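Enquirer: This is the structure I have questions about; it appears just below.
Dropping the structure here:
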C-alpha cells in the first residue's frame with residue numbers, strides 16, 4: 124500500500140528507486156502474451172527464457188496458444204546453464 128501511494132505521488136518505486144513500479148506475484152502470462160499480440164499483429168516475437176522448468180513450461184504453452192489464436196507468432200527459446 125505504501126509502495127503504491129509513493130509511486131502515485133512521486134512516480135518513483137520505493138524498492139528499486141526507478142520509475143518502474145515493482146509488482147509482487149507471478150505475471151498473468153496469458154494477458155502479457157495477448158497484449159503483445161494485439162500491439163504487434165502479423166509479427167514474429169522471440170521469447171527467451173532461462174530459469175526453472177515450471178515457468179518455462181508455462182511460457183512455452185502460452186506462446187503456442189496465443190500463436191494459434193492470433194496472427195502474431197511467438198517463438199520460445201529456453202537456455203540451460
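Residue numbers (my numbering): 124 to 204.
Beta carbons: idealized from backbone N, C-alpha and C, even for Gly.
Keep in mind it's a predicted model, so treat the numbers as computed, not measured.
With DSSP collapsed to three states, give me the class of residue 197.
Expert: Of the three classes helix, strand and coil, the one that applies to residue 197 here is strand, per DSSP.
Enquirer: Once DSSP output is grouped into helix, strand and coil, what is the label at residue 109?
Expert: The question about residue 109 has no answer here: the residues shown for the chain are numbered 124 through 204.
Enquirer: For the alpha helix (DSSP H) containing residue 182, name the first residue and the last one.
Expert: Its alpha helix (DSSP H) spans residues 176 to 192.
Enquirer: From this set, 153, 169 and 199, which residue's C-alpha is nearest residue 183's C-alpha?
Expert: Answer by Cα proximity: 199.
Enquirer: In terms of alpha-carbon separation, which member of 192, 151 and 176 lies closest to residue 202?
Expert: Among 192, 151 and 176, the Cα nearest to that of residue 202 belongs to 176.
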